[in-house]
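To keep things clear, I will list the structure first and then write my remarks on it.
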Amino acid sequence: MPDRAKSSDGAEMTFSILIQFIRRSLLIGTITLLAACSQKAETLKLSVTQFGSATEQAFDKYGDAYRTQFAPFPKSDIAQRNTFVTNIKDFTGQVTPANIDILLDPDAVKVDPDVARQWQDTLKGLRSQYRQFVAIFDNIEAGSALGASAVTRSGPILEKLRKQLATISNDFARTPPQFLTRRSTLIAELNKIRSQDSNTPEAERLQVEAWWQQWNSLIAAESAMQAETLRAFVTASALGDKLQGQIDNYAKLDMASLITAVEDGIKLSDQIGKLSPADLITQTTGLLETATN
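Positions in the sequence shown are counted from 1; adding 726 to them yields my numbering.
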């Protein structure tokens, strides 16, 4: 009997050690898996950050393009002072709060406050949508099962944002903003040159040539503004397309694939940065089709 008791105690001890080993192995395996999931989630966040930064830059450019439509030519403080002194000298009416801005800068265009506020609200709303999308990944608990689920749920949200980016890009390419106030200023100057009877033909020719140079410089700056704004949207759209693929195939992708995707995003941004304005427009025409596939 004593021998049987000892045998039973030994078996129980062996079983207990086996259970502890299994538990320890499961714990180590779980920790390893969570660590791998955490690294995977953090790597995906890099691509999300790329997309978020690109959309921020696109809307920065978009806002600047809207504002510069109504911005006058920049003037030095001395030029502004001289303009004001001349205007006051020639002005025979009563200075009032309603006309002081015109006297200070007759080239400035006062945008209706309600229109300006509506535009700012629209731009703020657009930014908010993309920031909320990025925040999904900021709030994901690293390595949790809920985190993987949140990645999956973000897919349809990104699809809607990509379609929106494509629509904005196409609309911008079809009807790009222009430097309206500056164009009007130069056109007024040209009409003034042509109406001056005191000019000799040679003097008028020189003034028209100088005006032509100013106009060409303005159009070049305007085209650059349009191209850089469109470039920012094409970049954001392209990075969004790549991110969509990563999110849709997240469960199948390993760390190496996600790291490669981040590197590809950097290369893609660099490639788009070298595209000509004509190439950018060509890229834009395919954005809606890509966004809906």
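Even for Gly, the Cβ is constructed at its ideal location relative to N, Cα and C.
Exercise for the section: Spell out a yes or no on whether the stretch 774-784 and the stretch 922-931 are touching, meaning 3 or more CB-CB pairs, one atom from each, closer than 8 Å. Expected result: Flag = no, the stretch 774-784 and the stretch 922-931 do not touch.
Exercise for the section: State buried or exposed for Ile804, treating a residue as buried only when at least 16 other CB atoms are found within 10 Å of its CB. Expected result: Burial state of Ile804 is exposed, judged by a 10 Å Cβ sphere holding fewer than 16 other Cβ atoms.
Handout entry: the stretch 840-854 / the stretch 933-943 touching (three or more Cβ pairs under 8 Å)
Key = no
Practice task
Could you check what DSSP says for Asn813 in three-state terms: helix, strand or coil?
Solution key: In the structure shown, Asn813 sits in a helix (DSSP, three-state: H, G or I).
Problem - Range covered by the alpha helix (DSSP H) that runs through Ser1002 - result: Looking at the DSSP string, Ser1002 is not in any alpha helix (DSSP H), and its letter there is neither H nor E.
Exercise for the section: Determine contact between the stretch 964-979 and the stretch 874-890, defined as no fewer than three beta-carbon pairs at a distance below 8 Å. Expected result: yes
Practice task
Measure the CB-CB distance between Thr911 and Pro823 and report whether it falls below 8 Å.
Solution key: no
Handout entry: CA nearest to the CA of Asp974, picked from Leu916, Gln795 and Ala874
Key = Ala874
Handout entry: Under the three-state DSSP convention, the category Pro882 falls into
Key = helix
Handout entry: Proximity to Pro832 [Cα-Cα], best of Gln844, Ile814, Arg793 and Thr1008
Key = Ile814
Handout entry: Check whether Gln877 and Leu770 have beta carbons under 8 Å apart
Key = Residue 877 is actually Val in this sequence, not Gln. Taking 8 Å as the cut-off, the Cβ atoms of Val877 and Leu770 count as close.
Problem - Contact under 8 Å by Cβ, Phe683 with Leu891 - result: Residue 683 lies beyond the residue range present for the chain, which begins at 727 and ends at 1019; the question has no answer from this structure.
Problem - Asp831 in three-state terms, based on DSSP - result: Looking at Asp831 - three-state DSSP - the assignment turns out to be coil, as it is neither helix nor strand.
Handout entry: Cβ neighbours of Thr1008 in the same chain (closer than 8 Å, five flanking residues each side left out)
Key = Excluding residues within five positions, none has a Cβ falling inside 8 Å.
Handout entry: Simplified DSSP assignment, three categories, for Thr794
Key = helix
Exercise for the section: Apply the 10 Å Cβ neighbour rule to Thr986 and answer buried if 16 or more other Cβ atoms are within range, or exposed otherwise. Expected result: exposed
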